[in-house]
Amino acid sequence: MLTILLLVIAYLLGSIPFGLVIGKLIYKKDIRQFGSGNIGTTNAFRAFGTTGGVLVFICDMVKGAIPVLLAIRLNLGLHPLLFGGMAIVGHSFPLFLKFNGGKAVATSFGVVLAYHPVFALISIASFFVSLFITSMVSFSSIFAVIFATILSLFYQDLGLTIAAVLVLILVVVRHKDNIKRIRQGTESKVPFGLNKAKKK
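Under the UniProt record's numbering, the first residue of the sequence shown carries the number 1, and numbering increases by one thereafter.
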């Protein structure tokens, strides 16, 4: 019964649209009316600036980490990443927003950070390396998850690899429009890394 309860809590926690909540409470803005209309971290940076974007990232990350930490602490017999997975599902398909949510990158990072910090930090390092080179958040997000999936093969942790593959599928599907723009050369870039250097 406790296991089922925690799975439900993980989904509901993941469903909290912090991008929308923070936007309305602090900035008096609806994040869905800016940029891509997405409730996630990247659009939060566009709508609210650096401080707001970082705040949304932290909140989305934490809501992925909490179920994993609870599962580890309670030792419920199921793989901790299963509970984190429910938070990811909640973020991508939130009950409170008619199942139309974010792209799950920040929440997925929180899940992995709680489960295996070193693995998570290596993976996010690949994101920033890619972002420095391409200046594209979408491309770098996909690249980082692909990198994490390959990296997971060296850890001999079947649960981690399965989770990485499932997150990869979800991230690619959620970024399908971005992938089209990347192929067309029209994907937006951020003023970071080589792109920023070129503008100077």
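Ideal Cβ positions, reconstructed from N, Cα and C, are used throughout, including at glycine.
What are the boundary residues of the alpha helix (DSSP H) that residue 134 is part of? In the sequence shown, counting from the first residue as 1, residue 134 sits at position 134. Looking at the DSSP string, the run of the alpha helix (DSSP H) that includes residue 134 is 117 to 134.
If I'm right that residue 53 touches residue 44 with Cβ under 8 Å, what's the distance once you round it to whole angstroms? As a first step, residue 53 must be located in the sequence shown, where it is residue number 53. As a first step, residue 44 must be located in the sequence shown, where it is residue number 44. Contact holds; Cβ gap of about 4 Å.
Should residue 167 be labelled buried (16 or more other beta-carbon atoms within 10 Å of its own) or exposed? Here the question's residue 167 lines up with position 167 in the sequence shown. By the 10 Å Cβ count, residue 167 comes out buried.
Selected residue, minimal CA-CA separation from residue 49, among 62, 34, 70, 128: On the sequence shown, residue 49 is found 49 positions in, with the first residue counted as 1. Looking at the Cα atoms, 34 is the closest of the given residues.
If you follow the alpha helix (DSSP H) that residue 3 is part of, which residue opens it and which one closes it? Residue 3 sits at position 3 when you count from the first residue of the sequence shown. Per DSSP, residue 3 belongs to the alpha helix (DSSP H) from 2 to 15.
Hey, how far is the Cα of residue 103 from the Cα of residue 79? Sequence index remark: in the sequence shown, residue 103 carries index 103 (1-based). Sequence index remark: in the sequence shown, residue 79 carries index 79 (1-based). So the alpha carbons of these two residues sit roughly 23 Å apart.
What separation, rounded to the nearest whole angstrom, lies between the Cα atoms of residue 92 and residue 99? Counting from 1 along the sequence shown, the entry for residue 92 is found at position 92. Counting from 1 along the sequence shown, the entry for residue 99 is found at position 99. Rounded to the nearest angstrom, the two C-alpha atoms are 7 Å apart.
If you reduce the DSSP assignment to three classes, tell me which class residue 27 lands in. By 1-based counting over the sequence shown, the position of residue 27 is 27. Residue 27 falls in the helix class under three-state DSSP.
DSSP state of residue 95 mapped onto helix, strand, coil: Looking up residue 95 in the sequence shown gives position 95. DSSP places residue 95 in helix when its eight states are reduced to three.
Quick one, are the C-beta atoms of residue 280 and residue 133 less than 9 Å apart? It is not possible to answer for residue 280, since the shown part of the chain is limited to 1 through 200.
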